[in-house]
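These notes are about the structure you will find just below.
There are 2 protein chains.
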Amino acid sequence: MFTIAIAGLGTVGAGVVRLLRQNADLIAPRAGTQIVIKAVSAQVKSRKRDCDLSGIDWIDNPEKLAQVPGVDAVVELVGGSSGVPRAIAESALKNGKHFVTANKALIAAHGVELARLAENNKVQLMFEAAVAGGIPVIKTIREGLAGNRISTVRGILNGTCNYILTRMREAKLSFADALGEAQKRGYAEADPTADVDGQDTANKLAILAALAFGTTPDLASIRMDGIRRITQLDLQFAEELGCRIKLLGVARLTPAGLEQHVGPSLIAKSSPLARVEGALNAVSMHGDFIGDLMLEGQGAGAEPTASAVVADIIDLARGRTQPAFGVPSAQLKTIGPAHATVAARYYMRLHVMDKPGVVADISAILRDETISIESLIQRGKSATESVPVVITTHDANAAAVYRGVDKIAHLKTVVERPCLLQIED
Amino acid sequence: MFTIAIAGLGTVGAGVVRLLRQNADLIAPRAGTQIVIKAVSAQVKSRKRDCDLSGIDWIDNPEKLAQVPGVDAVVELVGGSSGVPRAIAESALKNGKHFVTANKALIAAHGVELARLAENNKVQLMFEAAVAGGIPVIKTIREGLAGNRISTVRGILNGTCNYILTRMREAKLSFADALGEAQKRGYAEADPTADVDGQDTANKLAILAALAFGTTPDLASIRMDGIRRITQLDLQFAEELGCRIKLLGVARLTPAGLEQHVGPSLIAKSSPLARVEGALNAVSMHGDFIGDLMLEGQGAGAEPTASAVVADIIDLARGRTQPAFGVPSAQLKTIGPAHATVAARYYMRLHVMDKPGVVADISAILRDETISIESLIQRGKSATESVPVVITTHDANAAAVYRGVDKIAHLKTVVERPCLLQIED
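Chains as they are written, first to last, in the working numbering: chain A, 112 to 536; chain B, 112 to 536.
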């Protein structure tokens, strides 16, 4: 018998309870033992929930779950990086209980401390569900690719953004309308900030990079941009360039350090990532022996997330162990950020006053930053006197490009801050 | 220290030696210990190989590798389901050594016996590299999806066939020319039978189905067809139907039993599997909680296969254990085949004499087998007096379709055996 206690009975928590009950017959032989839910804790006891809690103890204080006699593992499905989940994690690990979580913010911010705590207490810290929902990408990097020197991890890690971008393209919706539709369909929260501005993707990317490169998660170094400024014009230009626009999280090991960024990107339609549509997630990895590997599936939702949480629980019940980030926490490296030296191609969309000399001013700024223009397209005449200009660059230094964009944004003839997209191969 | 002995130093064996030496610095912390190659064995000692064997003992008889003092695991990379690899496996397991193999034929035919032998000797049987090369699909089904009731596994499991079909479509080559090109580029063997006639895919499918459904691999029940009869005409019709032609292995759990088949299939271009091109492999799974998950990557070649072999070795060094097929061998079920009752849509391409009454004869046979025609297209006039006819059916009973095709093949006005493709969603 392997005994768990669950903190949090929202959509994911209820999904885990349902899964463990519904598939108990299958899970026991795979886990080598019966998995029993001994106790649960959530904010409101009386709420009606989509799962059967009969025979399960109710504990008011989730930090006390670790002290329920006989519990082997505490499963945290509360969410948020703030006090409560962290306190639950610490109480579990300090009490010698395994800790399973779907909490990306917690792991991105405090993962190494918790990994160390787990090692000191000879228990496991597991977080498969924290990245890309049902897709077993943590296990794949940590175990499936363990023989490889990984050079790149790229992912569509936020289903809300991918849904919005897909609907903007397919139905020619504005960002606002696509967001409204996503909210109506339950793909986006009332406050969509964490999703559409890139924070959620950044949390997940920091975790994947830590696993892939054996480093401590370095959230602070992730350059981050969201999808709010993407317009129909950008989607139209993307089409002309043979590309799709995706919110990508990208981590690359370069000789100069670790390059990590989150932002809307142009990616060639021929790339497998470009074809991942709707609310799906996908992660693509490159290793020196495996070459390219891509995983595609549902990155959110009660059922897929429960699938990942239960996979962790079964691993624990089977006694399969490993350091949380693949190598012992003391051996995790610190690799400095490589932003300043990375070269990449960029797409820049501006709105400028339709006056002589504007293009000359912009070109001069780019020349001064040694940014070589691949194409410059000024399109149409506008009633409002501002016209769009799209510039694509050859390989350019990232830091120079940001400086250039800043300078361009300050030109009097430039109407709004330029929309900058990295062009991914 | 975790010590291995390797039998077979062909392209994959040499790849494993290279990987373990080249990435030793990364692997030790991931495995929790140094991995040491103690001994190797291959047919010809003097051959020049693309790896460094210094410091490694040479053993003439691969069955003796298990007796080399200090060896923890024997790695079999000889290939073939015949005597030698099986003898190596048995000698390893009986001597209490873990056994790692890339040998799909061995596992499809003798996997359960070997799993039992491993259990009795308290060691592990590992075969990640046996299916889809570098793609960690065994681990994904066995561990990543362990909470799910899996209903379907489908895969493009043979890179040779996918390369041939891709080149036939892209460059309008005949099967023979595309095969020739594949042979020239090293994607196909001099004798391509096992690849192009479906046996290789069937071996892999039997293993995946065993893991997904907790059954003993049932190679004998797999209905199998290859790609030799695919012509430009079929590719053209596929295009008109909005489909791609792929050699798929499909296993589905139905109320009537386990449906397994290997054959060229029409698959809608919108399906992720349809977009897997060239020599790549992909596996798509459906589980009740995870929904659809697809993995795509390199299914063959020295490096990707070595990546999978080494992942198994690292699992062993870490002490991660599980029954070879996910559940103990005694608990593997036997699920009867469901061929007779499965309903599916089919595509049938015939060459018929251009005479009155031919279509009436064919239609009558289909009617008698209660097969409902969705479309029937007779195209053009032929100088040789035979013309192509393409029929697509509504959902039809598989057994009835095979009987119908047999009867149609015997009509005097039908010039050659019909080419039959299942239409996959």
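All residues carry an ideal CB built from backbone N, CA and C; glycine is no exception.
Nothing here was measured: the structure is a model prediction, and the numbers come from that model.
* To do: Can you grab the Cα-Cα spacing for the pair Gly398/B / Tyr274/A, in whole Å?
  => A straight-line Cα-Cα distance of about 22 Å links Gly398/B and Tyr274/A.
* Asked: Just reading off the alpha helix (DSSP H) that Ile218/B is part of, what are its end residues?
  -> Lys215 to Asn231
* Any idea what DSSP makes of Ile519/A, helix, strand or coil? -> helix
* Compute the distance between the beta-carbons of Thr271/B and Asp308/B, then report whether it is under 8 Å. => no
* Of all Cβ atoms in chain B, is any one closer than 8 Å to the Cβ of Gln409/A? -> yes
* With 8 Å set as the bound, which would you pick, yes or no: does the beta-carbon of Ile267/A sit closer than that to a beta-carbon of chain B? -> no
* Sort Gly368/B, Thr481/B, Val526/B and Ser418/B by Cα distance to Pro499/B and report the nearest one. => Val526/B
* Counting only beta-carbon atoms, is Ser418/B nearer than 8 Å to chain A? -> yes
* Same chain, Cβ closer than 7 Å to Ile519/A, five either side skipped, listed in chain order -> Leu461, Ile473, Ile476, Val525 and Pro529.
* To do: Mind listing the chain A neighbours of Val438/B? Cutoff is C-beta to C-beta under 7 Å, in chain order.
  => The contacting residues are Pro140 and Arg141.
* Sorted by chain position, which residues of the same chain lie with C-beta nearer than 7 Å to Lys380/A's C-beta, five sequence neighbours on each side aside? -> The beta carbon of Lys380/A sits closer than 7 Å to those of Gly353, Cys354 and Arg355, all from its chain and outside the five residues before and after it, given in chain order.
* Asked: The alpha helix (DSSP H) with Gly270/A in it runs from where to where?
  -> Gly270 to Ala282
* **Outcome for Gly389/B when other beta-carbon atoms lying within 10 angstroms are tallied against a minimum of 16** => exposed
* Is the beta carbon of Gly291/B less than 8 Å from the beta carbon of Gly412/B? -> Cβ distance not < 8 Å, so Gly291/B and Gly412/B don't count as in contact.
* Contact set for Glu174/A: own chain, Cβ-Cβ below 7 Å, skip 5 residues either direction -> Counting only Cβ-Cβ distances below 7 Å, and skipping sequence neighbours, we find Ala198, Ile199 and Ser202.
* Three or more C-beta pairs below 8 Å linking the segment 213-223 of chain B and the segment 432-440 of chain B -> With a cut-off of 8 Å, the segment 432-440 of chain B and the segment 213-223 of chain B count as touching, because enough Cβ pairs lie within range.
* Go to Leu359/A, then tell me how far its beta strand (DSSP E) extends in each direction, as first and last residue. => Judged by DSSP secondary structure, Leu359/A falls within the beta strand (DSSP E) whose first and last residues are Cys354 to Thr365.
* To do: Give a yes or no on whether the minimum CB-CB distance between Lys283/B and chain A is below 8 Å.
  => Residue contact with chain A for Lys283/B: absent (no Cβ-Cβ distance below 8 Å to any residue of chain A).
* Asked: Thinking just about the alpha-carbon of each residue, which of Phe324/A, Ser486/A and Pro303/A is nearest to the one in Val470/A?
  -> Ser486/A
* Proximity below 8 Å, CB of Pro624/B to CB of Glu407/A -> Here chain B covers residues 112 to 536 and nothing more, so residue 624/B does not appear.
* Compare the Cα-Cα distances from Ala323/B to each of Val264/B, Gly337/B and Ser376/B and report the closest residue. => Out of Val264/B, Gly337/B and Ser376/B, Val264/B has the C-alpha closest to the C-alpha of Ala323/B.
* **C-alpha distance - Ile170/A paired with Ile333/B, whole-angstrom precision** => 52 Å
* Interface residues of chain A facing Leu130/B [CB-CB closer than 7 Å] -> Gly258 and Phe400
* Asked: Of all the options Ala331/A, His209/A and Lys215/A, which has the alpha carbon lying nearest to the alpha carbon of Val234/A?
  -> His209/A
* Would you check if the distance between the CB atom of Val421/B and the CB atom of Val127/B is smaller than 8 Å? => In this structure, Val421/B sits near Val127/B, with a CB-CB distance shorter than 8 Å.
* To do: Note down, one range per segment and in chain order, each beta strand (DSSP E) of at least 3 residues found wholly within the segment 119-164 of chain B.
  => 146-152
* Asked: CB-CB under 6 Å to Val185/B, same chain, minus the five flanking residues each way: which ones, in chain order?
  -> Ala116, Leu176, Ala177, Ala203, Lys208 and Phe210
* Counted within 10 angstroms of its Cβ, other Cβ atoms place Thr445/B as buried (16 or more) or exposed -> exposed
* With 8 Å as the C-beta to C-beta threshold (strictly closer), list the residues of the segment 307-341 of chain B near chain A in chain order. => Gly325
* Segments assigned alpha helix (DSSP H), at least 4 residues, entirely inside the segment 383-444 of chain B -> Qualifying alpha helix (DSSP H) stretches, in chain order: 413-429.
* Determine the chain A residues that contact Ile425/B at a beta-carbon separation under 8 Å, and present them in chain order. => Within chain A, Glu254, Ala257 and Gly258 have C-beta atoms less than 8 Å from the C-beta of Ile425/B, given in sequence order.
* To do: Out of Val182/A, Ser262/A and Asp136/A, point me to the one whose CA is closest to Thr114/A's CA.
  => From the listed residues Val182/A, Ser262/A and Asp136/A, the smallest Cα separation to Thr114/A is found for Val182/A.
* To do: Would you verify that the beta carbon of Lys215/B is, or is not, closer than 8 Å to some beta carbon of chain A?
  => no
* Asked: Residues of chain A with a CB under 9 Å from the CB of Met405/B: which are they?
  -> Ala393, Met405, Leu406, Glu407 and Gly408
* **Stretch pair the segment 311-318 of chain A + the segment 419-435 of chain A: three plus CB contacts closer than 8 Å** => Touching, no, given that fewer than three Cβ pairs across the two stretches are closer than 8 Å.
* Asked: In three-state DSSP terms, what is Arg209/B?
  -> The question names Arg, but residue 209/B is His in the sequence shown. Looking at His209/B - three-state DSSP - the assignment turns out to be strand.
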